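Taken in order, these protein sequences are the chains called U and H. Taking our numbering, the leading residue of the first sequence gets 33, the next gets one more, and so forth. Taking our numbering, the leading residue of the second sequence gets 33, the next gets one more, and so forth.
There are 2 protein chains.
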Amino acid sequence: MKAKTSTLEYALAGLLAPKAQSGYDLRKTFATTAMRHYSDSPGSIYPALRRLEARGWIAPDAGNDSDDGHQRENARRRQVFALTREGRDGLTAWLMLPITRDDVALRLAEIMLRFAFMDGNVPRAATLVFLERFEREMDGYTRELRANLETMRAKLPLHTGVLAFEAGIHAMEAQLAWARQARARLLEDTR
Amino acid sequence: MKAKTSTLEYALAGLLAPKAQSGYDLRKTFATTAMRHYSDSPGSIYPALRRLEARGWIAPDAGNDSDDGHQRENARRRQVFALTREGRDGLTAWLMLPITRDDVALRLAEIMLRFAFMDGNVPRAATLVFLERFEREMDGYTRELRANLETMRAKLPLHTGVLAFEAGIHAMEAQLAWARQARARLLEDTR
DNA sequence: GTGCACATGTAATGTGTTACATGATTAT
DNA sequence: ATAATCATGTAACACATTACATGTGCAC
Numbered sequence: 033m034k035a036k037t038s039t040l041e042y043a044l045a046g047l048l049a050p051k052a053q054s055g056y057d058l059r060k061t062f063a064t065t066a067m068r069h070y071s072d073s074p075g076s077i078y079p080a081l082r083r084l085e086a087r088g089w090i091a092p093d094a095g096n097d098s099d100d101g102h103q104r105e106n107a108r109r110r111q112v113f114a115l116t117r118e119g120r121d122g123l124t125a126w127l128m129l130p131i132t133r134d135d136v137a138l139r140l141a142e143i144m145l146r147f148a149f150m151d152g153n154v155p156r157a158a159t160l161v162f163l164e165r166f167e168r169e170m171d172g173y174t175r176e177l178r179a180n181l182e183t184m185r186a187k188l189p190l191h192t193g194v195l196a197f198e199a200g201i202h203a204m205e206a207q208l209a210w211a212r213q214a215r216a217r218l219l220e221d222t223r
Numbered sequence: 033m034k035a036k037t038s039t040l041e042y043a044l045a046g047l048l049a050p051k052a053q054s055g056y057d058l059r060k061t062f063a064t065t066a067m068r069h070y071s072d073s074p075g076s077i078y079p080a081l082r083r084l085e086a087r088g089w090i091a092p093d094a095g096n097d098s099d100d101g102h103q104r105e106n107a108r109r110r111q112v113f114a115l116t117r118e119g120r121d122g123l124t125a126w127l128m129l130p131i132t133r134d135d136v137a138l139r140l141a142e143i144m145l146r147f148a149f150m151d152g153n154v155p156r157a158a159t160l161v162f163l164e165r166f167e168r169e170m171d172g173y174t175r176e177l178r179a180n181l182e183t184m185r186a187k188l189p190l191h192t193g194v195l196a197f198e199a200g201i202h203a204m205e206a207q208l209a210w211a212r213q214a215r216a217r218l219l220e221d222t223r
């Protein structure tokens, strides 16, 4: 049994959560929306779907047209997948994982993907806790980085390496500011 | 002959540009500095170094201690690599590549790595041109994203998906602001 | 019924991750 | 001499990319 689920697999599960879709639909989503940097190539998506199916996270959609799901003898026809109960549980568990320092330092993109999928899959309260913890870790991490920056500056002249490091810090601080604002808006929306 | 050079290989070449180092030195740099999310595992670095050596981009350092470079019979001893002329040319060519819209949209991390390595490897003027072009593409891209955001907002309610998209835009705009400021500082430093 | 867009499959390749193994060097 | 640290090597595995192959349905 394989323990780990790849980010791509979670992305697929997350997209299937609101509605059943075919591999082709998913590819188009990856190709045309904000999720552009996930694969979109058939060589990654179809195998990933088969892995999810083998694990029981997704299944051919029952409520689907002419010859029903379980009977796709000789394929090459549009095949719609739905998230199963197990798949939904797996997705939710991932969404509920506590945020660590390493998550914000090393895996920001994955963290943001998780946030994007929260609506509809976890209670609003969990989303707010997520943001709180995100703010805490981001705040700590950006402080760490700023301290390192001062050390670097003391040793080196003005240097593109130092400037690039600064760019990273700026981007992180922008995300932090966004998080505070987002939490305020969600709180207001919840009341 | 293999055409493509991986980002990790460029990262290694860039680190070897200012001074010759061993694989272990490079790993420590990856493990402890701002370059944290590059591998740092022996299973990625040593093979990458051998690929670079096979391609003639790096070579055992000549100006190195007791038994000189070309004679590393039974190894398992510290082995220092230096960037060759060819390696330097390859690195420079990569640094000078024009920035495209897809670079800023899909490969920002690589772009920033290139920027970090510019000092000492390309003329200051090239760095300034790089930033100009970066600003232009980032400006265009963030405008594109903002337009999409309005479309999304018109259709959907307040939604973590939309908020996550906003976070990405904020981060990009912060990078853009940084670029303008960085260019101004470099200009001043150049005068 | 021919051509094109839709839809899926898959083999070859390269690379990163993990986990382990093992040879040198240094300190005690 | 032994242990710890330094330093490199490598095998198993999973995955993404590329490029190609193939089937399906609709428009004309």
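The beta carbon of each residue, even a glycine, is placed where N, CA and C say it ideally should be. Quantities reported herein were computed from a predicted structural model and do not represent experimental measurements.
Mind listing the chain H neighbours of residue i? Cutoff is C-beta to C-beta under 9 angstroms, in chain order.
i, result
"Glu167 (chain U)", "Under the 9 angstroms cutoff, chain H gives no residues; its nearest Cβ is about 12 angstroms from Glu167 (chain U)."
By DSSP, does residue i sit in helix, in strand, or in coil?
i, result
"Asp100 (chain U)", "Because Asp100 (chain U) carries a pLDDT of 41, less than 50, the predicted location of this residue cannot be relied on, and the following value inherits that uncertainty. Asp100 (chain U): coil per DSSP, three-state reduction."
"Ser76 (chain H)", "helix"
"Val112 (chain U)", "strand"
"Lys141 (chain H)", "Just to set this straight, residue 141 (chain H) is Ala in the shown sequence, not Lys. Helix, per DSSP."
"Ala186 (chain H)", "helix"
"Ala52 (chain U)", "coil"
"Ile234 (chain H)", "Residue 234 (chain H) is absent from the structure shown; chain H starts at 33 and stops at 223."
"Ala66 (chain H)", "coil"
"Ala91 (chain H)", "strand"
"Lys60 (chain H)", "helix"
"Asp121 (chain U)", "helix"
"Asn153 (chain U)", "coil"
"Leu12 (chain U)", "Given a span of 33 to 223 for chain U in the structure shown, any question on residue 12 (chain U) remains unanswerable."
"Thr37 (chain H)", "coil"
"Thr192 (chain U)", "helix"
"Thr159 (chain U)", "helix"
"Thr132 (chain U)", "coil"
Could you list which residues in chain U have their beta carbon closer than 9 angstroms to that of residue i, in chain order?
i, result
"Leu47 (chain H)", "By Cβ distance, chain U contributes nothing, its closest Cβ being about 10 angstroms from Leu47 (chain H), past 9 angstroms."
"Ser43 (chain H)", "One point to set straight first is that residue 43 (chain H) is Ala, not Ser, in the sequence displayed. Those within 9 angstroms of Ala43 (chain H) in chain U number zero; the least Cβ separation is about 12 angstroms."
So, is residue i buried or exposed, given that buried needs 16 or more other C-beta atoms within 10 angstroms?
i, result
"Gly193 (chain U)", "buried"
"Gly46 (chain H)", "buried"
"His202 (chain H)", "buried"
"Leu163 (chain U)", "buried"
"Thr64 (chain H)", "exposed"
"Glu167 (chain H)", "buried"
"Asp151 (chain U)", "buried"
"Ser98 (chain H)", "A caution first: Ser98 (chain H) carries a pLDDT of 41, below 50, which makes its placement in the model unreliable, though a value can still be read off. Counting Cβ neighbours within 10 Å, Ser98 (chain H) comes out exposed, since fewer than 16 surround it."
"Ala141 (chain U)", "exposed"
"Thr222 (chain H)", "exposed"
"Asp100 (chain U)", "For Asp100 (chain U), the pLDDT reaches just 41, beneath the cut-off of 50, and the residue's location in the model is therefore unreliable, although a value from the coordinates is still provided. With fewer than 16 Cβ atoms within 10 Å of its Cβ, Asp100 (chain U) is classed as exposed."
"Leu145 (chain H)", "buried"
"Thr174 (chain H)", "buried"
"Leu123 (chain H)", "buried"
"Asp93 (chain H)", "buried"
"Thr183 (chain H)", "exposed"
"Ala29 (chain U)", "Any property of residue 29 (chain U) remains undetermined from this structure, which presents chain U solely from 33 to 223."
"Ala206 (chain H)", "buried"
"Ala125 (chain U)", "exposed"
Can you tell me the Cβ-Cβ gap for residue i and residue j, rounded? I've got them flagged as a contact below 8 angstroms.
i, j, result
"Ile131 (chain U)", "Glu176 (chain U)", "No, Ile131 (chain U) and Glu176 (chain U) are not in contact; Cβ-Cβ is about 16 angstroms, not under 8 angstroms."
"Glu118 (chain H)", "Ala80 (chain H)", "About 16 angstroms; that fails the 8 angstroms criterion."
"Leu48 (chain U)", "Ile90 (chain U)", "6 angstroms"
"Phe197 (chain H)", "Ala66 (chain U)", "5 angstroms"
"Gly88 (chain U)", "Thr116 (chain U)", "6 angstroms"
"Phe113 (chain H)", "Ala52 (chain H)", "6 angstroms"
"Leu138 (chain U)", "Arg68 (chain H)", "7 angstroms"
"Arg110 (chain U)", "Tyr56 (chain U)", "7 angstroms"
"Leu219 (chain H)", "Leu127 (chain H)", "Wrong, their Cβ atoms sit about 19 angstroms apart, outside the cutoff."
For residue i, go through chain U and note every residue whose CB falls closer than 7 angstroms to its CB, in chain order.
i, result
"Met210 (chain H)", "Checking the displayed sequence, the identity of residue 210 (chain H) turns out to be Trp instead of Met. Per Cβ cutoff of 7 angstroms: Glu198, Ala199 and His202."
"Ala179 (chain H)", "Correct list: empty, because the minimum Cβ distance to chain U is about 12 angstroms."
Using a Cβ cut-off of 7 angstroms, pull out every chain H residue sitting near residue i, in sequence order please.
i, result
"Asp221 (chain U)", "Leu190"
"Ala214 (chain U)", "Leu195"
"Ala80 (chain U)", "Near Ala80 (chain U) there are no residues of chain H at all, since even the closest Cβ is about 19 angstroms away, more than 7 angstroms."
In chain H, which residues lie with their C-beta within 8 angstroms of the C-beta of residue i?
i, result
"Leu138 (chain U)", "Arg68 and His69"
"Arg217 (chain U)", "Leu190 and Leu195"
"Gln53 (chain U)", "The premise fails here: Gln53 (chain U) is roughly 16 angstroms from chain H at the closest Cβ pair, so nothing lies under 8 angstroms."
Listing by chain order, which chain U residues have their CB less than 8 angstroms from the CB of residue i?
i, result
"Ala63 (chain H)", "Neighbours of Ala63 (chain H) on chain U: none; closest Cβ ~12 angstroms, over 8 angstroms."
message: Any C-beta of chain H within less than 8 angstroms: which residues of the region 141 to 169 of chain U qualify?
response: Per Cβ criterion, the list reads Met144, Leu145, Phe147, Ala148, Phe149, Met150, Asp151 and Thr159.
query: When you check each C-beta in the region 182 to 195 of chain U against every C-beta of chain H, which residues fall closer than 8 angstroms?
result: Result list: Leu190, His191, Thr192, Gly193 and Leu195.
message: Closer than 9 angstroms between beta carbons: that is the criterion. Which residues of the region 110 to 130 of chain U meet it against chain H?
response: Within the region 110 to 130 of chain U, no residue qualifies.
- request: Please list the residues of the region 82 to 96 of chain H that have a C-beta atom closer than 7 angstroms to any C-beta atom in chain U, keeping them in chain order.
  value: Result list empty, no residue passes.
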